[in-house]
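All residue numbers for the sequence shown refer to the UniProt record's numbering, where the first residue is 1 and numbers rise by one. Below: one structure, written as structure tokens.
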Amino acid sequence: MSMFCYQCQEAAKGTGCEIKGVCGKNEQVAKLQDLLIYTIKGVSEIIVKGKLDVKEFSEVNHEVFNSLFMTITNANFDEDAFVKEITKMIALRDELRGKLFVENAKSSGGFFRRLFGAKNEAADPAEVYNLHDAATFQVDSKAAMLQKAASVGVLATENEDVRSLRELITYGLKGMAAYAHHALNLGKEKSEIYAFAYEALAATLNDSLTAEELVALTLKTGEFGVATMALLDEANTTKYGNPEITEVNIGVRNNPAILVSGHDLADLEQLLEQTRGTGVDVYTHSEMLPAHYYPAFKKYDNFVGNYGNAWWKQLEEFESFNGPILFTTNCIVPPKSESVKSRIFTTGASGYPGCTHIEADQSGKKDFSKIIQLAKSLKSPTEIETGKIVGGFAHEQVFALADTVVNAVKSGAIKKFFVMAGCDGRMKSRDYYTEFAEKLPNDTVILTAGCAKYKYNKLDLGNIGGIPRVLDAGQCNDSYSLALIALKLKEVFGLDDVNDLPIAYNIAWYEQKAVIVLLALLYLGVKNIHLGPTLPAFLSPNVAKVLVETFGIAGIGTVDSDIELFMGK
Ligand code: SF4
Ligand code: SF3
Numbered sequence: 001m002s003m004f005c006y007q008c009q010e011a012a013k014g015t016g017c018e019i020k021g022v023c024g025k026n027e028q029v030a031k032l033q034d035l036l037i038y039t040i041k042g043v044s045e046i047i048v049k050g051k052l053d054v055k056e057f058s059e060v061n062h063e064v065f066n067s068l069f070m071t072i073t074n075a076n077f078d079e080d081a082f083v084k085e086i087t088k089m090i091a092l093r094d095e096l097r098g099k100l101f102v103e104n105a106k107s108s109g110g111f112f113r114r115l116f117g118a119k120n121e122a123a124d125p126a127e128v129y130n131l132h133d134a135a136t137f138q139v140d141s142k143a144a145m146l147q148k149a150a151s152v153g154v155l156a157t158e159n160e161d162v163r164s165l166r167e168l169i170t171y172g173l174k175g176m177a178a179y180a181h182h183a184l185n186l187g188k189e190k191s192e193i194y195a196f197a198y199e200a201l202a203a204t205l206n207d208s209l210t211a212e213e214l215v216a217l218t219l220k221t222g223e224f225g226v227a228t229m230a231l232l233d234e235a236n237t238t239k240y241g242n243p244e245i246t247e248v249n250i251g252v253r254n255n256p257a258i259l260v261s262g263h264d265l266a267d268l269e270q271l272l273e274q275t276r277g278t279g280v281d282v283y284t285h286s287e288m289l290p291a292h293y294y295p296a297f298k299k300y301d302n303f304v305g306n307y308g309n310a311w312w313k314q315l316e317e318f319e320s321f322n323g324p325i326l327f328t329t330n331c332i333v334p335p336k337s338e339s340v341k342s343r344i345f346t347t348g349a350s351g352y353p354g355c356t357h358i359e360a361d362q363s364g365k366k367d368f369s370k371i372i373q374l375a376k377s378l379k380s381p382t383e384i385e386t387g388k389i390v391g392g393f394a395h396e397q398v399f400a401l402a403d404t405v406v407n408a409v410k411s412g413a414i415k416k417f418f419v420m421a422g423c424d425g426r427m428k429s430r431d432y433y434t435e436f437a438e439k440l441p442n443d444t445v446i447l448t449a450g451c452a453k454y455k456y457n458k459l460d461l462g463n464i465g466g467i468p469r470v471l472d473a474g475q476c477n478d479s480y481s482l483a484l485i486a487l488k489l490k491e492v493f494g495l496d497d498v499n500d501l502p503i504a505y506n507i508a509w510y511e512q513k514a515v516i517v518l519l520a521l522l523y524l525g526v527k528n529i530h531l532g533p534t535l536p537a538f539l540s541p542n543v544a545k546v547l548v549e550t551f552g553i554a555g556i557g558t559v560d561s562d563i564e565l566f567m568g569k
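Dropping the structure here:
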């Protein structure tokens with residue numbers, strides 16, 4: 001076994017990728033990711049054991065979250081980017097260790113004297129605090145990093161239940177970090193979120209914690225997941241307004257164009273500003289589609305529509321798009337042709353070897369002129385479909401329709417809502433979700449968010465008294481909107497328990513953002529969530545048992561049997 005990774009739904013053989021990632025991640029990148037995570041666990045331990053105030057360490061906070069984000073499935077395939085990030089994190093970690101010594105000497109000089117006597121001044125904080133190897137190890141080259149990585153990966157934790165819980169927490173934190181990173185790009189952050197992430201990461205190094213304590217920490221991860229999604233929601237809506245019902249064009253115009261993928265709205269805004277009046281159009285791909293729902297982006301005449309589908313269709317869709325593509329985050333599929341590769345640009349936590357990466361300057365500004373220049377020299381997109389799709393049903397828009405929705409439920413016109421948020425993916429088994437949407441009775445409404453929607457957002461499922469049968473709230477983080485809508489309905493119907501609502505949860509997952517969405521829903525008390533197309537490989541039988549017994553989590557069966565089960569409930 002040259003690597004081991006089981007963090008996403010495509011883990012090889014349903015157990016883990018051992019030679020090369022199904023996602024395209026190679027052994028080196030996998031190992032460097034392991035070492036980066038290990039390093040930031042060490043950073044976390046120093047902060048936690050030293051009781052350092054996270055408010056004083058902005059750079060560390062931002063860089064730790066960037067590191068977590070870089071290791072999300074399909075975000076970054078660039079070995080050099082990981083070597084650079086590990087080097088940076090080790091330097092920041094060692095600075096913190098120095099700080100820890102000074103802080104402690106200041107506050108508990110007496111303790112130092114008693115403990116080390118004359119050696120007081122030279123005392124090594126690693127010994128004083130009994131720091132883990134993650135907080136002290138050194139490497140001086142890429143080769144040394146790869147060698148070190150071999151002993152610090154996922155399988156270094158021998159007990160499979162402890163490993164399962166540690167990874168569940170870590171993957172939740174990765175998703176949380178991604179959302180926090182987008183909020184930060186819009187100027188919003190919360191020190192409590194960083195402090196929790198350090199507490200949780202440090203806990204994954206602590207061999208004395210019991211399984212029960214780790215389960216409690218998992219739920220607490222969900223609590224902070226809710227806080228982070230709320231923060232991002234606030235950041236997005238304060239800056240760009242509340243999403244509103246919007247028809248999005250899926251055809252093309254005859255102008256040169258740039259395709260934007262990923263989740264970062266701040267990057268999109270900068271691109272729209274810079275392409276304004278240049279004759280270059282901008283289209284969204286995959287998770288960037290919901291940007292069209294925000295009022296602030298409607299003023300750009302060159303913001304034309306959405307091109308294509310979910311991330312996994314990109315190989316063919318990027319070919320026919322003809323113009324440059326900007327990745328602001330995951331999900332990247334390794335390009336097969338040089339022609340597509342030469343048109344891919346990355347920014348933020350994303351990266352791909354051989355593709356141009358655009359960095360922000362000190363003030364956060366990104367210069368996209370290279371992409372715009374390239375677009376002007378290339379053909380306009382080839383049309384692959386025509387028509388419109390409708391979305392924009394985030395919390396405020398749905399609250400505005402509350403009377404209509406509540407009346408439809410009271411009159412029996414709507415029997416049940418199905419939350420079908422999450423991710424799409426390339427596995428054939430995911431056709432289940434298209435068939436499920438098609439076969440749902442006509443008196444049901446699908447509430448969706450994330451790229452999972454592409455499995456049914458172009459079907460003609462009709463509407464119920466003017467309410468479309470597929471209500472798209474937005475990106476995966478906008479699952480927060482779906483939770484707010486559920487809580488609002490609970491209030492309107494005067495119920496004590498959110499599980500008494502006529503809402504079923506049939507969620508599709510792929511990567512770690514879906515993990516934080518799931519943990520957030522569990523924290524909010526949602527029970528009986530069905531998760532597919534397969535349960536995570538990182539859940540050991542015992543941990544899966546706890547989730548089944550405590551929260552009623554289940555997998556999926558056949559479309560017909562599941563619809564019967566859900567409708568019968
Ligand atoms: Fe395999 Fe998924 Fe890990 Fe990629 S991210 S190596 S596909 S488990
Ligand atoms: Fe999709 Fe990658 Fe998860 Fe944001 S873009 S939901 S898979």
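Where a beta carbon is used, it is the ideal one built from N, C-alpha and C, also for glycine. Remember, predicted model here, so these are calculated numbers, not experimental data.
With hydrogens ignored, establish whether the beta-carbon of residue 475 is closer than 8 Å to any heavy atom of the ligand SF3. Numbered from its first residue, the sequence shown carries residue 475 at position 475. Here the distance from the Cβ of residue 475 to the nearest heavy atom of the ligand SF3 is below 8 Å.
Hey, residue 424 and residue 510: beta-carbon distance below 9 Å or not? Residue 424 sits at position 424 when you count from the first residue of the sequence shown. Residue 510 sits at position 510 when you count from the first residue of the sequence shown. Closer than 9 Å, so yes.
Hey, which residues come within less than 7 Å of the ligand SF4, measuring from Cβ to any heavy atom, in chain order? Here the residues come out as 5, 6, 7, 8, 10, 11, 12, 16, 17, 21, 22, 23, 25, 30 and 73.
Do residue 450 and the ligand SF3 come close, with the Cβ less than 8 Å from some heavy atom? The residue you call residue 450 lines up with position 450 of the sequence shown. Within the cutoff, so yes.
How about residue 59: is its Cβ closer than 8 Å to a heavy atom in the ligand SF3? Taking the sequence shown and counting its residues from 1, one reaches residue 59 at position 59. Checking the Cβ of residue 59 against the ligand SF3 gives no.
If you draw a straight line from the C-alpha of residue 247 to the C-alpha of residue 388, how long is it? What you label residue 247 is simply residue 247 of the sequence shown in a count that begins at 1. What you label residue 388 is simply residue 388 of the sequence shown in a count that begins at 1. The straight-line gap separating the alpha-carbon atoms of residue 247 and residue 388 is approximately 6 Å.
Nearest-angstrom Cα distance between residue 548 and residue 535? Here residue 548 refers to the residue found at position 548 of the sequence shown. Here residue 535 refers to the residue found at position 535 of the sequence shown. Using only the alpha carbons, I get a separation of about 11 Å.
How is the beta strand (DSSP E) around residue 181 delimited, first residue to last? Position 181 of the sequence shown, counted from the start, is the residue given in the question as residue 181. Unbroken run through residue 181 is the alpha helix (DSSP H), 160 to 185; no beta strand (DSSP E).
Give the list of continuous alpha helix (DSSP H) stretches no shorter than 4 residues that lie fully inside the region 119 to 153. Restricting attention to alpha helix (DSSP H) runs no shorter than 4 residues, the region 119 to 153 encloses them at 125 to 128 and 142 to 149, ordered along the chain.
I need the DSSP call for residue 505, collapsed to helix, strand or coil. Within the sequence shown, residue 505 is the residue found at index 505, counting from 1. Taken through DSSP and simplified to helix, strand or coil, residue 505 comes out as strand.
Segment contact flag, the region 224 to 234 with the region 54 to 70, C-beta cutoff 8 Å, min 3 pairs: Contact between the region 224 to 234 and the region 54 to 70 is absent, with fewer than three C-beta pairs closer than 8 Å.
Top-ranked residue by Cα proximity to residue 29, from 87, 15, 54 and 149: Within the sequence shown, residue 29 is the residue found at index 29, counting from 1. With distances taken between Cα atoms, residue 29 lies closest to 149.
So does residue 62 have its beta carbon nearer than 8 Å to some heavy atom of the ligand SF3? The residue you call residue 62 lines up with position 62 of the sequence shown. Residue 62: no, Cβ never under 8 Å from the ligand SF3.
Is the beta carbon of residue 182 within less than 8 Å of some heavy atom of the ligand SF3? For the purposes of this step, residue 182 is identified with residue 182 of the sequence shown, where counting begins at 1. With a cutoff of 8 Å, residue 182 does not count as near the ligand SF3, since its C-beta is closer than that to no heavy atom of the ligand.
Using C-beta distances below 8 Å, list every residue in its chain close to residue 369, excluding the 5 sequence neighbours before and after it, in chain order. Here residue 369 refers to the residue found at position 369 when the sequence shown is read from its first residue. Counting only Cβ-Cβ distances below 8 Å, and skipping sequence neighbours, we find 274.
Based on DSSP bridge pairs, tell me the residues matched to residue 257. In the sequence shown, residue 257 corresponds to position 257, counting from 1. Within the DSSP bridge table, the entry for residue 257 names 281 as partners.
Residue 263 beta carbon near the ligand SF3 (any heavy atom closer than 8 Å): By one-based count along the sequence shown, residue 263 stands at place 263. Distances taken from the Cβ of residue 263 to the heavy atoms of the ligand SF3 include one shorter than 8 Å.
Can the beta-carbon of residue 80 be found closer than 9 Å to that of residue 353? Residue numbering aside, residue 80 sits at position 80 when the sequence shown is read from its first letter. Residue numbering aside, residue 353 sits at position 353 when the sequence shown is read from its first letter. It is a contact, given that the beta carbons lie within the stated cut-off.
Look up residue 387 in the DSSP assignment and say whether it is helix, strand or coil. For the purposes of this step, residue 387 is taken as residue 387 along the sequence shown, with counting starting at 1. The answer is coil: DSSP assigns residue 387 none of H, G, I, E or B.
Between residue 361 and the rest of its own chain, which residues show a CB-CB distance below 8 Å, the 5 nearest in sequence each way excluded? If you number the sequence shown from 1, residue 361 lands on position 361. Cβ neighbours of residue 361 within its own chain (closer than 8 Å, five residues either side excluded): 367.
So the alpha helix (DSSP H) residue 62 belongs to, where does it begin and stop? Walking along the sequence shown from the start, residue 62 turns up at place 62. For residue 62, the enclosing alpha helix (DSSP H) covers residues 58 to 70.
Contact test: residue 514 Cβ vs the ligand SF3 heavy atom, cutoff 8 Å: One-based indexing of the sequence shown puts residue 514 at position 514. If you check the C-beta of residue 514 against the ligand SF3, you find a heavy atom less than 8 Å away.
Enumerate in chain order the residues of its own chain whose CB-to-CB distance from residue 619 is below 7 Å, with the five nearest sequence positions on each side excluded. Because the chain here runs from 1 to 569, residue 619 falls outside it and cannot be looked at.
Could you check where the alpha helix (DSSP H) with residue 435 kicks off and where it finishes? Residue mapping note: residue 435 aligns to position 435 of the sequence shown, counting from 1. Taken as a continuous stretch (DSSP letters only), the alpha helix (DSSP H) holding residue 435 covers 431 to 439.
Relative to the ligand SF3, is the shortest distance from any of its heavy atoms to the C-beta of residue 425 smaller than 8 Å? Locating residue 425 in the sequence shown gives position 425, counting from the first residue. Closer than 8 Å to some heavy atom of the ligand SF3: that describes the Cβ of residue 425.
State the Cα-Cα distance for the pair residue 567 and residue 395, rounded to the nearest angstrom. Translated into the one-based positions of the sequence shown, residue 567 becomes position 567. Translated into the one-based positions of the sequence shown, residue 395 becomes position 395. One C-alpha to the other measures close to 25 Å.
By Cβ distance below 6 Å, which residues in the same chain neighbour residue 289 in space, the five residues on each side in sequence not counted? Looking up residue 289 in the sequence shown gives position 289. 306.
Pick from 451, 350, 255 and 316: whose alpha carbon is nearest that of residue 337? As a first step, residue 337 is located in the sequence shown; it is residue number 337 there, counting from the start. Closest by alpha carbon: 316.
If residue 285 and residue 320 are in contact, beta carbons under 8 Å, what's the gap, nearest whole angstrom? As a working mapping, residue 285 is identified with position 285 in the sequence shown. As a working mapping, residue 320 is identified with position 320 in the sequence shown. Not really, about 12 Å apart at Cβ, beyond 8 Å.
Pull up the CB-CB distance for residue 295 and residue 234, whole angstroms please, since I reckon it's below 8 Å. Along the sequence shown, read from residue 1 onward, the residue named residue 295 stands at position 295. Along the sequence shown, read from residue 1 onward, the residue named residue 234 stands at position 234. Not a contact, Cβ separation roughly 16 Å.
Length of the line joining the Cα atoms of residue 88 and residue 399: Position 88 of the sequence shown, counted from the start, is the residue given in the question as residue 88. Position 399 of the sequence shown, counted from the start, is the residue given in the question as residue 399. Distance between the alpha carbons of residue 88 and residue 399: 45 Å.
How many angstroms separate the CA atom of residue 577 from the CA atom of residue 269? Residue numbering for the chain in the displayed model covers 1 to 569; residue 577 lies beyond these limits and cannot be assessed.
Just grab the DSSP bridge partners of residue 247 for me. Sequence index remark: in the sequence shown, residue 247 carries index 247 (1-based). In the DSSP output, where bridge partners are listed per residue, residue 247 has 390.
Can you check whether the CB of residue 175 is closer than 9 Å to the CB of residue 449? The count along the sequence shown starts at 1 and reaches residue 449 at position 449. The count along the sequence shown starts at 1 and reaches residue 175 at position 175. Judged by beta-carbon spacing, residue 175 lies beyond the 9 Å limit of residue 449, meaning their Cβ atoms are not closer than that value.
I need the boundaries of the alpha helix (DSSP H) containing residue 521, first residue and last residue. Mapped onto the sequence shown, residue 521 falls at position 521. Looking at the DSSP string, the run of the alpha helix (DSSP H) that includes residue 521 is 512 to 523.
Using 8 Å for Cβ pairs, my map puts residue 651 next to residue 43. What's the rounded Cβ distance? As shown, the chain starts at 1 and ends at 569. That puts residue 651 outside it, with no answer to give.
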